């Protein structure tokens, strides 16, 4: 759908509701991977009084980091999506933004720490039948000090297991 139509749908989300942007894909960006500031600011306006969140694989260059931090300060949480919990730990320490990571599908711990001692919480919606993203909300918290880990799942689970590390 067109960006304006999408923003109109966001404005119709109930105030206070937690909602996830980009179930697949990423934030609007140019050919070099720089997040589109104008589009993101329009999303921040549409998201007012709501608790939108997303994950990004865009490069953490100066341009994108400024935009991510602006969004996180203004009610729309953007977490860096990382390939390991140690990379997520490094991103959080170096850049001061929330981060998430994929862990092997065989991960059975609910909580653990990175090699540097940062707490990792396995996504509650992945380990509890009565929890979903809307009832949990930890990914919508821009001030969290822990990493959210997502066990590999779906048809590419074995392929993902082969490339992710804990």
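In the working numbering, the protein residues as written are 2 to 167. Glycine included, every Cβ here is placed at the ideal spot set by N, Cα and C. The model shown is predicted, which means the values in this text are computed figures rather than measured ones.
Opening and closing residue of the beta strand (DSSP E) in which residue 32 lies: No beta strand (DSSP E) holds residue 32; DSSP gives it neither H nor E.
Does the structure place the stretch 53-61 close enough to the stretch 80-95 that three or more beta carbon pairs sit under 8 Å? yes
What's the gap between the Cα of residue 19 and the Cα of residue 127? 17 Å
Three-state secondary structure (DSSP) at residue 102? strand
Mind checking which residues open and close the alpha helix (DSSP H) that includes residue 12? 4-12
Between which two residues does the alpha helix (DSSP H) carrying residue 136 extend? 134-137
Once you ignore the five residues that flank residue 89 on each side, which residues in its own chain have a CB closer than 6 Å to its CB? 83, 100, 102 and 148
What residue range is occupied by the uninterrupted beta strand (DSSP E) comprising residue 18? No beta strand (DSSP E) contains residue 18, which DSSP labels as neither H nor E.
For residue 113 versus residue 121, is the C-beta distance shorter than 7 Å? yes
So, does the stretch 31-48 touch the stretch 7-14, judging by three or more C-beta pairs under 8 Å? yes
Spatial neighbours of residue 141 within its chain, please: C-beta separation below 6 Å, excluding the five flanking residues on both sides. 19, 52, 54 and 78
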